[in-house]
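Reading through the structure tokens given below for one structure.
Numbering (my numbering), first residue to last: 668 to 1375.
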């Protein structure tokens, strides 16, 4: 055995449960001319003892001992010693078909190959079930020739086989010439070696057979600890990228590299077990050296490559939401005093009955009408707190003109942070006895505030609700957005003062619940005592605010008067196309509303609990519905969530996917049943025709018999 046909390199680390099966499957190969180099990587269980048993009874077994340095270092140690014409790297928790070495070396000899590819199956260690795995060898991507190289498949080279090194046989001379070594990483150590060798090989062939049983679902697998070193795959991609640039191969293989780089990045984002590890990956993609990785679509080069296009959109969606959610985390807190944003000087006005809070963002065409309806209120003792939220149109100039001629205006201008932050700033600045939130593109009846305040005082209310009407900004909008025909007035008069939880139930029973804050006026002290505020960074921020107000209010009332005029317009937030922001907004509202419900549940009357919980469920279902409607390339925006990705997947995304699969299955079953029904109908018709024919034949035979 001076020059064996194959050198088998087998790293071993704490695999006593699987090692005998692995060793037996290697030593019982139909090809017997091989050496087995076992690198004991500092095992602390009985693995070393088991290896010694096999070494004593089979002279082909060699043991090398080293301190624990990981899989890459163990393979490099073994790679320094092989004498075989061919080299194969196997894993010590897997097992192998008896003909593995014979079939692969035969193919290598026949084709004079540098690398021989072959397939494998997945063996579930928990269930002992075997499943096919096409990614180990993509037979559909193999060129129609026995031997190929990078030049034959430049756009799919890294998709033909997985980056696993144990699904390939190598010519030792080829490895010596390339000088490739494994990276010493905690995981993903074989990406650089495997794809680096495939990029350099001049002669690659494949054996169309599954020769490895790859063990999965091991409780002690290294994959389980991937979250502790989540950036290894990026380090491997970066090394592979630099190697291809150094050897002048990247221009030829860039599409294939991007396809693999994008898919493995998405895979790692989906599979790491902690939010912290996922966020580490997303942050690393923006920093050196990983920001240099070409993980984006290149027009003109990737045209027509639907896989690269889809993957690049999905990763972009995750990164975009990561950056957007980062911006949300930096938004000002509700306690922001806003003095740095103040434009009008502070005044000492007293006896302010209502603080009207009006956030403004790019509503110049409608702003004058909205402000006119407020300044002309019959109740004069008000302050008008206007917050320009980073408008890019003439909105701020319009606000400044109004503030210059009406001292009741309190004007702020801040960088865009969204409706919630603007309203929270208004809450912090309010000096009135009561608080009212107005949108800057709608308008209010002139006596609305005066009559509302009178009822609030008469009945000593925490919150008062009134009614509204909708109107379209244009005739075109009436056609485009017919769903805007919402309930304008309550169909039932709630004539008694009650706790907010009871009013919530009554609204729900009448199907007239609406969370919009511009149809309610609140006592300012009630808002502050209960720390009511709007969630920053979301749309439909009214949902948790109103829900909390109703569950906390001791005295609430509905006034059956139509005061508010709500405009439906084209550029409104609520009429824009479906985005992940809308999905997230309802999901985030659901989480907050569930928390509010859980805290209030002990004080809720039994008959009110189901109504409150029903509102929480409705918001969750809205998030699910909207997730089912977003474009496929944006569904992986969820990977950019900063926390609780698993919770989101369980409650929303996975729920939607399973529901869609169930719907598709039910449709197939319905179609199959319909086809079966049609077939049964045809059979009945055929049987009827057969019966009629038999009757005619019998009649004919009878007549023939009668005639003798």
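Quick reminder that beta carbons are idealized off the backbone N, C-alpha and C, glycines included.
Computed from a predicted model, the values in this text were never measured in an experiment.
For residue j and residue i, the rounded distance between their alpha carbons
i	j	result
residue 940	residue 894	6 Å
residue 1154	residue 961	Reliability fails at residue 1154, whose pLDDT of 45 lies under 50, so the model's placement of it is uncertain and no value is given.
residue 709	residue 739	14 Å
residue 915	residue 694	42 Å
residue 725	residue 715	15 Å
residue 935	residue 1328	24 Å
residue 1046	residue 1101	12 Å
residue 873	residue 931	23 Å
residue 782	residue 731	26 Å
residue 974	residue 1031	44 Å
residue 736	residue 978	34 Å
residue 1240	residue 1206	Low confidence applies here, because residue 1240 scores a pLDDT of 49, under 50, leaving its location unreliable; read the following figure in that light. Distance between the alpha carbons of residue 1240 and residue 1206 is about 8 Å.
residue 1072	residue 1306	50 Å
residue 718	residue 947	39 Å
residue 815	residue 835	15 Å
residue 729	residue 1298	56 Å
residue 675	residue 1247	50 Å
residue 925	residue 963	7 Å
residue 1152	residue 800	Confidence at residue 1152 is low in this model, with a pLDDT of 46, below 50, so the placement of that residue is unreliable and no value is reported for it.
residue 1291	residue 755	48 Å
residue 688	residue 761	8 Å
residue 1228	residue 1083	34 Å
residue 771	residue 838	11 Å
residue 1069	residue 1076	8 Å
residue 952	residue 1253	28 Å
residue 786	residue 876	6 Å
residue 641	residue 1168	As displayed, the chain neither begins before 668 nor continues past 1375, which places residue 641 out of reach and without an answer.
residue 1336	residue 1344	12 Å
residue 1348	residue 775	60 Å
residue 1209	residue 1259	12 Å
residue 827	residue 806	7 Å
residue 1302	residue 1081	32 Å
residue 1276	residue 1333	34 Å
residue 1198	residue 1295	34 Å
residue 1311	residue 859	32 Å
residue 1293	residue 1028	25 Å
residue 1125	residue 1309	47 Å
Run of the beta strand (DSSP E) containing residue i, from where it starts to where it stops
i	result
residue 678	673 to 679
residue 1026	1021 to 1027
residue 1051	1049 to 1056
residue 1190	1187 to 1190
residue 705	701 to 708
residue 685	Careful: residue 685 lies outside any beta strand (DSSP E) and carries neither H nor E.
Residue range of the alpha helix (DSSP H) that includes residue i
i	result
residue 1345	1321 to 1373
residue 1283	1273 to 1296
residue 1032	1031 to 1042
residue 953	First-last for residue 953: undefined, no H or E at that position.
residue 1172	1167 to 1176
residue 1315	1312 to 1315
Nearest-angstrom Cβ-Cβ length linking residue i and residue j, presumed shorter than 8 Å
i	j	result
residue 1109	residue 1233	5 Å
residue 677	residue 706	7 Å
residue 919	residue 821	5 Å
residue 1120	residue 1021	6 Å
residue 1113	residue 1018	Rounded, the Cβ-Cβ distance is 20 Å, inconsistent with contact.
residue 804	residue 784	6 Å
residue 825	residue 862	5 Å
residue 1005	residue 1092	5 Å
Considering only residues of the region 1067 to 1151, which uninterrupted beta strand (DSSP E) runs meet the minimum length of 3 residues and lie entirely inside it, listed in chain order?
1076 to 1081, 1101 to 1104, 1130 to 1139
Segments assigned alpha helix (DSSP H), at least 4 residues, entirely inside the region 1201 to 1255:
1209 to 1219
My parser needs the beta strand (DSSP E) runs of 3 or more residues fully inside the region 841 to 925; what are they?
871 to 883
At 3 residues or longer, and completely inside the region 723 to 801: list those beta strand (DSSP E) runs for me, N to C.
728 to 733, 753 to 756, 782 to 791, 797 to 799
Counting pairs of Cβ atoms below 8 Å between the region 836 to 856 and the region 899 to 906, do you hit three or more?
yes
Runs of beta strand (DSSP E) wholly within the region 815 to 845 (minimum 3 residues, chain order):
835 to 838
Quick test of the definition: if touching needs 3 or more C-beta pairs under 8 Å, does the region 1166 to 1179 touch the region 1188 to 1197?
no
Does the region 874 to 883 come within contact of the region 786 to 796, defined as at least 3 CB pairs closer than 8 Å?
yes
Evaluate contact between the region 1126 to 1135 and the region 1055 to 1068, counting only Cβ atoms and requiring at least three cross-stretch pairs below 8 Å.
no
For the 8 Å Cβ check, are there 3 or more pairs between the region 1279 to 1296 and the region 1315 to 1332?
yes
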